[in-house]
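In what follows, a structure is listed as structure tokens, so that the remarks can point back to it.
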Amino acid sequence: DRYLPYYRIAAANGHWQANLTLQEILLKSKDVNIETRERRGEGIYWNEKLMKILPASAHYWWSLYIDVGYGPKHGPDDSLIYLRKAADLGNAKAQYEVGELLLKIKDEMARPTVLKIVDKMRVCSLNQTYPDGMAARMMAADARNEENFQQSLVFSHQALKAGESSSGLTLSRAFYTENSKSKHKNWGIPTDLERSKRYRIIRDFLWKNAHLKPELNVHDLDDIVPLPPAKLPSWDGKIAIQRFVEGPAPAKPSDELVRRLAQQAGLDPNTGLPK
């Protein structure tokens with residue numbers, strides 16, 4: 001709870017990442033002492049703020065809130081309308097989820113067209129500044145099913161970079177596995193013990209620290225374990241977000257700064273809530 005005022009004050013001053021993290025905490029965290037009704041009201045309040053600076057993400061969050069019953073009453077399709085709008089505006093997660101919803105269409109005649117659209121939605125998701133890890137993972141699976149193992153390797157690498165932990169295990173086994181019957185033996189990837197080790201180390205950290213989402217990612221992956229034929233650089237065994245989490249706590253912002261930012265946003269500096 002002691003960090004919430006900082007997130008609130010930062011979000012109120014236009015920091016979109018603080019806004020997203022705050023909404024994530026309010027919706028999902030069980031570690032904050034806030035009643036459900038208050039969580040609902042505050043989550044909606046911050047998403048209205050987000051709508052002005054990052055409408056694609058705000059529309060995605062409206063779809064989530066409608067699904068869990070937040071806000072006023074909505075029609076049965078309203079969540080899908082917001083999700084589709086978020087996808088149109090470029091939200092990577094929404095683009096992936098729209099594609100997954102299309103896969104539920106049971107019209108066999110339309111199946112080839114649906115699969116083409118789903119593939120396009122996943123590609124769109126991968127091309128965003130903050131791509132969706134599951135979209136990359138599914139693209140990797142499709143490439144693997146077509147026995148295009150090199151392309152599957154590339155997509156798995158993209159998925160891991162976006163924080164999708166299971167792709168790290170796939171990559172580790174692709175470069176080395178002791179299991180002689182492993183399907184990865186058929187990939188034709190030259191054995192590379194160090195690459196395999198690095199991918200596994202990264203995967204283990206992501207898997208054990210899933211609670212750090214939505215910030216959990218490996219944006220520095222290419223600097224740690226670039227795909228062949230690039231040579232491996234030296235590495236201290238940690239990814240960037242790990243250094244931040246395990247390093248010294250950031251300096252506490254000065255009381256003067258907190259008061260000034262809170263005041264210009266009309267917030268109580270002690271709680272980060274409107275006065």
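The numbering used here applies: residue 1 is where the sequence shown begins, and numbers increase by one. Here a beta-carbon is modelled for each residue, glycine too, at the ideal position from N, C-alpha and C.
When beta bridges are read from the DSSP output, L267 appears opposite P274. For the set P5, P55 and D1, the Cα lying nearest the Cα of N33 is the one of D1.
Following the DSSP letters along the chain, one finds H59 inside the alpha helix (DSSP H) bounded by residues P55 to D67. Rounded to whole angstroms, the Cβ separation of R195 and F175 is 4 angstroms, and the two are in contact under 8 angstroms. In its chain, beyond the 5 residues on either side, S165, G168 and L169 have a beta carbon closer than 6 angstroms to the beta carbon of R203. Look at Y6 here: in three-state DSSP terms it is helix.
Distances from the CA of L126 to each of E38, K93 and L101 were compared; the closest alpha carbon is that of K93.
The residue from Y70, E256, N91 and I66 with its alpha-carbon nearest to that of G41 is Y70. In the structure shown, N186 adopts helical secondary structure according to DSSP, grouped into three states. Counting only residues of its own chain and dropping the five nearest sequence neighbours on each side, I224 has a CB closer than 8 angstroms to the CB of R198, I202, V218, P233, W235 and I239.
Take the alpha-carbon of D77 and the one of T113: they are about 23 angstroms apart. Taking each of A162, E256, P274 and S79 in turn and checking the Cα distance to K213, the smallest one comes out for A162. DSSP places T113 within a helical segment (H, G or I) once states are collapsed to three. Under the 8 angstroms Cβ criterion, the segment 95-102 counts as touching the segment 128-138, having at least three qualifying pairs. Using a Cβ distance threshold of 9 angstroms, A12 and K49 count as a contacting pair.
The Cβ-Cβ distance between A56 and G90 falls below 9 angstroms.
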